[in-house]
Amino acid sequence: MTHEAQTVLPRRILLGVTGGIAAYKAADLVRRLREGGAEVQVILTEGAARFVTPMTFQALSGRPVRVGLWDEAAEAAMGHIELARWAELVLVAPASADFLARLAAGMANDLLTTTCLATTAPIAVAPAMNQQMWSAAATQANITTLRQRSVRVLGPGVGSQACGEQGAGRLLEPADIAAQVLSSSADGGLLSGRHIVITAGPTREPIDPVRFLSNRSSGKMGFAVAQAAREAGARVTLISGPVHLPTPLGVERINVETAAQMYAAVHAVMDDCDVYIGAAAVADYTPHCCAENKIKKTSDTLDLHLEKSPDILASVAALSKRPYVVGFAAETTNVEAHALAKLERKKLDLIAANEVGAERAFDRDDNALLLLWSGGRQALGLQSKADLAREFITFIAHRVSARSDGE
Ligand code: C5P
66 MTHEAQTVLP RRILLGVTGG IAAYKAADLV RRLREGGAEV QVILTEGAAR FVTPMTFQAL
126 SGRPVRVGLW DEAAEAAMGH IELARWAELV LVAPASADFL ARLAAGMAND LLTTTCLATT
186 APIAVAPAMN QQMWSAAATQ ANITTLRQRS VRVLGPGVGS QACGEQGAGR LLEPADIAAQ
246 VLSSSADGGL LSGRHIVITA GPTREPIDPV RFLSNRSSGK MGFAVAQAAR EAGARVTLIS
306 GPVHLPTPLG VERINVETAA QMYAAVHAVM DDCDVYIGAA AVADYTPHCC AENKIKKTSD
366 TLDLHLEKSP DILASVAALS KRPYVVGFAA ETTNVEAHAL AKLERKKLDL IAANEVGAER
426 AFDRDDNALL LLWSGGRQAL GLQSKADLAR EFITFIAHRV SARSDGE
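So for the sequence shown, the working numbering puts the first residue at 66; every next one is plus one.
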């Protein structure tokens, strides 16, 4: 099993500071992150270096500060790819409107954006700008794009601004930013104190050493649900098949490939699980045995003998000490009827149905869900997967707390 757990708390933080008057507050942020036990490597954009000096940040972080992409001596010591790999979290504070636009466009025209593209670490941004620039359609579109890519957006705060205006666009206080990225639980959230286990992505069932059976699941919905659950204060374990998505901040991720590995990984964390959400597209069938060597093209036809893979969702619902169990039903026809049948057959608490197929292709950034439970239904309308996941998690949190209150 490819089993890789990421730490819940980032200990190596790459702090990007971009050009804006709030850059001076980033000095205090470095101090607070270090007090919280993190190592901090600072990158200043060239704009930031006009507001604050590298020397201040070097003294506070205890590490040489990086500014340009073309600094040969610095690149020789730790190149930008190494920086990207070193980071457990990339935090950009303050994040200017220009930086957000470049990040959303996927540009790599300075050291900070290049590092953001090259990293697999989660990225968090704390925007700071004039309130009109924040509410501008272009900035809002960039923020939506970044959220859809699991970038965590911290703030901005509302209040008086350096330019003399009032409104949204203030950098959050350094203490709040540090608390949000370093705290292990978003205390006070609807799911605070709960352990949520979520599966996501496809599984891969090997046919031989180079081939496998899989499906089109991108994992986007499951990852968005994991992020929303984390933001609601839960401890989140995300068990994922092979996908190209960064781990949401503060989420513990376990990577698996096959349905059997996913089954084992799920049952290994069921002990204290309060809510189980099966968003993975688990292969229904798996080759009877994986050929030891690559199968040769010797005959005109090839028969694969497939066996049913374990139904992870139903097995969780059958546990004697069972969590609140939520399943997904991706259907091409008769969505509601099929989903209701699944709710009953698998003995679920809730099922989230959605239509898939030509019209509603996989790998999209938006989705709609129909929630069904015994005795009720609720439609969550078409919206970005990030927003949909928040609505979905809020709904689940209310159902779970109503159930606990009734106990
Ligand atoms: O039966 P069907 O595959 O349509 O059910 C979908 C739901 O069941 C999803 O929540 C999926 O994660 C879960 N599932 C599972 N194990 C399987 C097949 C599906 O957990 N082997």
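Each residue gets a CB set at the ideal place from its N, CA and C atoms; glycine is no exception. Source: prediction; values computed, not measured.
Check: If you compare alpha carbons, which of Val157, Leu413, Ile78 is closest to Ala113?
Finding: Val157
Notebook entry, point to check: Taking Cβ to Cβ, would you say Thr180 is nearer than 9 angstroms to Ile78?
Noted result: no
Notebook entry, point to check: Thinking just about the alpha-carbon of each residue, which of Ser439, Leu445, Ser449 is nearest to the one in Asp431?
Noted result: Ser449
Next item on the list: With hydrogens ignored, establish whether the beta-carbon of Ser279 is closer than 8 angstroms to any heavy atom of the ligand C5P.
Entry: no
Next item on the list: Measure the alpha-carbon distance for Leu237 versus Val262 and round it to whole angstroms.
Entry: 30 angstroms
Checklist line | Under the three-state DSSP convention, the category Ser466 falls into | finding: helix
Note to self: I need the boundaries of the alpha helix (DSSP H) containing Ser215, first residue and last residue.
What the structure shows: Segment: none, Ser215 is in no alpha helix (DSSP H) and carries neither H nor E.
Next item on the list: Please name the residue, chosen from Thr398, Glu100, Val391, that lies closest to Lys412 on a Cα-to-Cα basis.
Entry: Val391
Note to self: Within 10 Å of its beta-carbon, does Gly84 have 16 or more other beta-carbons around it, so buried, or fewer, so exposed?
What the structure shows: buried
Notebook entry, point to check: From what residue to what residue does the beta strand (DSSP E) around Ala158 run?
Noted result: 154-160
Checklist line | Neighbourhood of Ala227 by C-beta, 6 angstroms cutoff - its chain only, sequence neighbours within 5 removed | finding: Ile86
Checklist line | Separation of Asp470 from Asp163, as counted between CA atoms | finding: 48 angstroms
Checklist line | 6 angstroms CB neighbourhood of Pro375 in its chain, flanking five on each side removed | finding: Tyr328
Item checked: Classification of Met120 by the beta-carbon crowding that lies within 10 angstroms, buried from 16 upward -> exposed
Margin query: Do Ala186 and Ala152 count as a contact pair if the criterion is CB distance below 9 angstroms?
Written below: yes
Check: When you compare only the Cα positions, how much space is there between Ser200 and Gly234?
Finding: 8 angstroms
Check: According to DSSP, what are the bridge partners of Tyr341?
Finding: Val262, Val390
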